[in-house]
């Protein structure tokens, strides 16, 4: 997901989850590094990225 996000956004390098969430215009939900919270946040970043790439 890190690589896909960087390529999809045209970034020069991969970024961590908190920065990806911020770049996506989302709010980091829950506690970072908690499995279900990270999965929720990654899904939100992925959904935003897919919507952006469809345009």
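In this note's numbering, the protein residues as written are 165 to 219.
Quick reminder that beta carbons are idealized off the backbone N, C-alpha and C, glycines included.
Remember, predicted model here, so these are calculated numbers, not experimental data.
Going along the chain, which residues of its own chain have a beta-carbon closer than 7 Å to the beta-carbon of residue i, five neighbours each way excluded?
i           : result
residue 207 : none
residue 192 : 182, 185, 205
Less than 8 Å between the beta carbons of residue i and residue j, yes or no?
i           : j           : result
residue 180 : residue 213 : no
Can you list, in chain order, the residues of its chain whose CB lies under 6 Å from that of residue i, leaving out five sequence neighbours each side?
i           : result
residue 166 : 178
Below 8 Å CB to CB, which residues in the same chain sit around residue i once its five sequence neighbours on both sides are set aside?
i           : result
residue 200 : 194
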